[in-house]
Amino acid sequence: MRQARFASSREKATEAAVEATESAVKENAPKVAETVTQEAPKKAGRGLKRTVIGTTLAVGVLVGYVYATDTRASVHRYGVVPLVRMLFPDAEDAHHFGVDILKTLYKYGLNPRERGNPDGDGSLVTKVFGYTLSNPIGISGGLDKHADIPDPLFELGPAVVEVGGTTPLPQDGNPRPRVFRVVSQNAMINRYGLNSKGADHMAAVLEQRVRDFAYANGFGDHALAEQRVLNGEAGVPPGSLRPGKLLAVQVAKNKVTPDNDIEAIKRDYVYCVDRVAKYADILVVNVSSPNTPGLRDLQATAPLTAILKAVVGAAKSVDRTTKPYVMVKVSPDEDADEQVSGICEAVWRSGVDGVIVGNTTNRRPDALPKGFTLPPTEQETLKETGGYSGPQLFDRTVSLVARYRAMLDITPNTPELIGAAAEATTTVTQVEPDTENVPPVEPPKPSDILPRKVIFASGGVTNGQQAQAVLDAGASVAMMYTAITYGGMGTVTRVKQEMREGKQQQQQ
Ligand SMILES: Cc1cc2nc3c(=O)[nH]c(=O)nc-3n(C[C@H](O)[C@H](O)[C@H](O)COP(=O)(O)O)c2cc1C
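All residue numbers for the sequence shown refer to the UniProt record's numbering, where the first residue is 1 and numbers rise by one.
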């Protein structure tokens, strides 16, 4: 009964609800229709809004990408450099960050690069070792110690990138902290002590780079493909893998190799050469780092000649059609006349092709501008052991380049060199001599036959005018390191632009 009553009252309630709903629907029907007709343009408006926002974002990202990846963007110098300095009070941390970020950005095609082919006008073209380089600017050894980033460095605009120095066995270098900034001077002091992952590691990295290049350029993915690229079949120098550019690889000895065992030292350099020379356009022999005890003593004529001869011999036996050129990097501190002439003698006697003048200095040069007093913290920093680098080196670099130029231009008439000149002549002159009618010919003078020694300048170059000054003093390439750490990723582009402007002003 209760159930029947409950059921009939539920039915009544349902009927009432249905009636109420119907009347509500009737009432609201015109309103709903109105709302629907109003929603349609709203939806269309929302779609348009989304499109506008999406397009703006996409354009913003594209503009941001184009701007941030252009070496001319001032954000690199005035935004990134101070930010990195603030985030990494330890200069070595900043160095690692810089290398890592450049490596990662390059992997994803987001690295800063020179746009618009500024070298294309040919105004900075120069000849080095028979190669025509797009410009005379280089990045010095030590910035890319383990050959992690030669390609992103090339994309910053230099024609020469030097990687290393590498040692035969891996070594840690000195304990940290070992790199210090002297911010008021845009300078640095470092005592890294040639930290290296070893020549085998560097050879593996460089080999992989060639393999990747060979594969990307249709040569295949095998040892033969690598060899074809190294033999020049890709039409690019085997080290840089880029037209108009050269890769230099720096080699050094291990700290534990005894300073007085010249045979062991030669073995160290030759070991490195045997591993990495295949992948280099230029081999650089480092005898000038101030942070490996005894290394600079190897600049004395006798040991230097022995080491360089060994390196030149090893470089000639590289399994590649063209052999790498060999340069020696010398110190700016061993600058007495007899030291410079002793080094030049070793260069001529060993057959090395050129000299990089110079490296960091053990001196603490006067502050710039003249009379400037360093803040107390920086005066303390100057007491740190290590090599000093930065703009204060510049004047000494120019004068040392000029002195090396003058001394290297005097080709000694030693029996060895007369022999070398005669050999060079006979390979050029293939014609049968007419012994009856031609008077006996004087043997060729080495100075007429042998190529001029090449000089690269390193030390304190920060702008286009200074780069031009070291070239005018007799260098073929002006290299930079510290200027890049203070000027950022656009430094090479800026320096080249300043050189171009300087040349234009001269022509007017
Ligand atoms: C942090 C740091 C590490 C360096 N490491 C090396 C190195 O491994 N081998 C080398 O020959 N020079 C090394 N250098 C010296 C530079 O290549 C360059 O010759 C020197 O700094 C002078 O040039 P700059 O005034 O343009 O920096 C290093 C310099 C700095 C600042």
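Where a beta carbon is used, it is the ideal one built from N, C-alpha and C, also for glycine.
What is the DSSP secondary structure of residue 25, counted as helix, strand or coil?
By 1-based counting over the sequence shown, the position of residue 25 is 25. With a pLDDT of 46 at residue 25, under the threshold of 50, the modelled position of this residue cannot be trusted, and the question is left open.
Rounded to whole angstroms, what's the CA-CA distance from residue 36 to residue 104? Just pull it up for me.
Working through the sequence shown from its first residue, we reach residue 36 at position 36. Working through the sequence shown from its first residue, we reach residue 104 at position 104. Annotation note: pLDDT 49 at residue 36 (below 50); position unreliable, no value reported.
Distance cut-off 7 Å: residue 489 Cβ against heavy atoms of ligand 1:
As a working mapping, residue 489 is identified with position 489 in the sequence shown. False, no ligand heavy atom lies under 7 Å from that Cβ.
Output the distance between the C-alpha atoms of residue 198 and residue 164, rounded to the nearest integer angstrom.
Indexing the sequence shown from 1 puts residue 198 at position 198. Indexing the sequence shown from 1 puts residue 164 at position 164. Approximately 10 Å, taken between the alpha carbons.
For residue 229 and residue 248, I'd like the C-alpha separation in whole angstroms.
Residue 229 sits at position 229 when you count from the first residue of the sequence shown. Residue 248 sits at position 248 when you count from the first residue of the sequence shown. About 17 Å.
Whether or not the region 441-456 and the region 46-63 are in contact is what I'm after, with contact meaning three or more pairs of Cβ atoms, one per stretch, closer than 8 Å; do they touch?
no
What span of residues does the alpha helix (DSSP H) with residue 402 cover, start to end?
Along the sequence shown, read from residue 1 onward, the residue named residue 402 stands at position 402. Residues 394-408.
Cα-Cα separation between residue 489 and residue 258, rounded to whole angstroms:
The count along the sequence shown starts at 1 and reaches residue 489 at position 489. The count along the sequence shown starts at 1 and reaches residue 258 at position 258. Distance between the alpha carbons of residue 489 and residue 258 is about 39 Å.
Where residue 105 falls: helix, strand or coil (DSSP)
Translated into the one-based positions of the sequence shown, residue 105 becomes position 105. Residue 105: helix per DSSP, three-state reduction.
Quick check: residue 150 and residue 111, are their CB atoms within less than 8 Å of each other?
For the purposes of this step, residue 150 is identified with residue 150 of the sequence shown, where counting begins at 1. For the purposes of this step, residue 111 is identified with residue 111 of the sequence shown, where counting begins at 1. Against a cut-off of 8 Å, the Cβ pair of residue 111 and residue 150 comes out as no contact.
For residue 483, is the beta carbon positioned less than 7 Å from some heavy atom of ligand 3?
No copy of ligand 3 occurs in the structure displayed; its ligands are ligand 1 alone.
Could you check whether the Cβ of residue 122 sits closer than 7 Å to any heavy atom belonging to ligand 1?
Your numbering for residue 122 matches position 122 in the sequence shown. False, no ligand heavy atom lies under 7 Å from that Cβ.
Looking at ligand 1, does it come within less than 7 Å of residue 246, judged from the CB to the closest heavy atom?
Position 246 of the sequence shown, counted from the start, is the residue given in the question as residue 246. Result no, Cβ not under 7 Å from ligand 1.
Going by Cα to Cα distance, which pick from 467, 462 and 414 is closest to residue 447?
Position 447 of the sequence shown, counted from the first residue, corresponds to residue 447. Residue 414 is the option with its Cα nearest to residue 447.
Drop a sphere of 10 angstroms on the beta-carbon of residue 250, count the other beta-carbons inside from all chains shown, and report buried for 16 or more, exposed for fewer.
Position 250 of the sequence shown, counting from 1, holds the residue named residue 250. By the 10 Å Cβ count, residue 250 comes out buried.
Going by DSSP in three states, residue 17 sits in which element: helix, strand or coil?
Here residue 17 corresponds to residue number 17 of the sequence shown, with the count starting at 1. In this prediction, residue 17 has a pLDDT of 46, which is less than 50 and means its spatial position is unreliable; nothing more can be read from the coordinates.
Close Cβ partners of residue 491 (< 6 Å) along its chain, the five nearest in sequence each way excluded
In the sequence shown, the residue the question calls residue 491 occupies position 491. 483 and 484, listed in sequence order.
Assuming residue 138 contacts residue 160 (C-beta within less than 8 Å), just tell me the rounded distance between them.
Locating residue 138 in the sequence shown gives position 138, where the first residue counts as 1. Locating residue 160 in the sequence shown gives position 160, where the first residue counts as 1. Correct: roughly 3 Å between the Cβ atoms.
Are the region 185-193 and the region 262-280 touching by the rule of at least three beta carbon pairs closer than 8 Å?
With a cut-off of 8 Å, the region 262-280 and the region 185-193 do not count as touching, because too few Cβ pairs lie within range.
Under the three-state DSSP convention, the category residue 176 falls into
The residue labelled residue 176 in the question sits at position 176 within the sequence shown. It is coil, neither helix nor strand.
Beta-ladder partner(s) of residue 253, from DSSP:
Position 253 of the sequence shown, counting from 1, holds the residue named residue 253. According to DSSP, which records beta bridges pairwise, residue 253 is partnered with nothing at all.
If you follow the beta strand (DSSP E) that residue 132 is in, where does it begin and where does it stop?
Within the sequence shown, numbered from 1, the residue matching residue 132 stands at position 132. Its beta strand (DSSP E) spans residues 131-133.
For residue 79, does the three-state DSSP call read helix, strand or coil?
Position 79 of the sequence shown, counted from the start, is the residue given in the question as residue 79. In this structure, residue 79 counts as helix in the three-state DSSP scheme.
Contact under 8 Å by Cβ, residue 242 with residue 154
Position 242 of the sequence shown, counting from 1, holds the residue named residue 242. Position 154 of the sequence shown, counting from 1, holds the residue named residue 154. Their beta carbons are under 8 Å apart, which means residue 242 touches residue 154 by this criterion.
Contact between the region 354-370 and the region 312-329 is defined here as three or more beta-carbon pairs at a separation below 8 Å; is this criterion met?
yes
Measuring CA to CA, which of 478, 51 and 417 is closest to residue 444?
Position 444 of the sequence shown, counted from the start, is the residue given in the question as residue 444. Comparing Cα-Cα distances from residue 444 to each of 478, 51 and 417, the minimum goes to 417.
Report the option in 497, 43 and 322 whose CA atom is closest to the CA atom of residue 235.
Start at 1 with the first residue of the sequence shown, and residue 235 comes out as number 235. Comparing Cα-Cα distances from residue 235 to each of 497, 43 and 322, the minimum goes to 322.
Determine the burial state of residue 419: buried for a count of at least 16 other Cβ atoms within 10 Å of its Cβ, exposed for fewer.
Within the sequence shown, numbered from 1, the residue matching residue 419 stands at position 419. Exposed, by the Cβ-count rule.
Classification of residue 76 by the beta-carbon crowding that lies within 10 angstroms, buried from 16 upward
The residue labelled residue 76 in the question sits at position 76 within the sequence shown. Residue 76 comes out buried.
Mind pulling the beta strand (DSSP E) runs of 3 or more residues that sit fully within the region 254-322?
282-286
Under 6 Å Cβ to Cβ from residue 70, same chain only, skipping five residues before and after it: list those, please.
Along the sequence shown, read from residue 1 onward, the residue named residue 70 stands at position 70. Answer for residue 70: 115, listed in chain order.
Rounded straight-line distance, which links the Cα of residue 312 to that of residue 231:
Start at 1 with the first residue of the sequence shown, and residue 231 comes out as number 231. Start at 1 with the first residue of the sequence shown, and residue 312 comes out as number 312. Approximately 19 Å, taken between the alpha carbons.
Alpha carbons only, please: which of 506, 486 and 387 is nearest the one belonging to residue 465?
On the sequence shown, position 465 is the one that residue 465 refers to. Of the candidates 506, 486 and 387, the one whose C-alpha sits nearest the C-alpha of residue 465 is 506.
Proximity test, Cβ basis, 8 Å: residue 339 and chain D:
Given the protein chain composition of this structure (a single chain), no chain D is represented.
Should residue 400 and residue 335 be called a contact, given that it needs their Cβ atoms to be closer than 8 Å?
Counted from its first residue, the sequence shown places residue 400 at position 400. Counted from its first residue, the sequence shown places residue 335 at position 335. In contact: residue 400 and residue 335 (Cβ atoms closer than 8 Å).
Taking Cβ to Cβ, would you say residue 255 is nearer than 8 Å to residue 292?
In the sequence shown, residue 255 corresponds to position 255, counting from 1. In the sequence shown, residue 292 corresponds to position 292, counting from 1. Yes; because the gap between Cβ atoms is below 8 Å, this pair is in contact.
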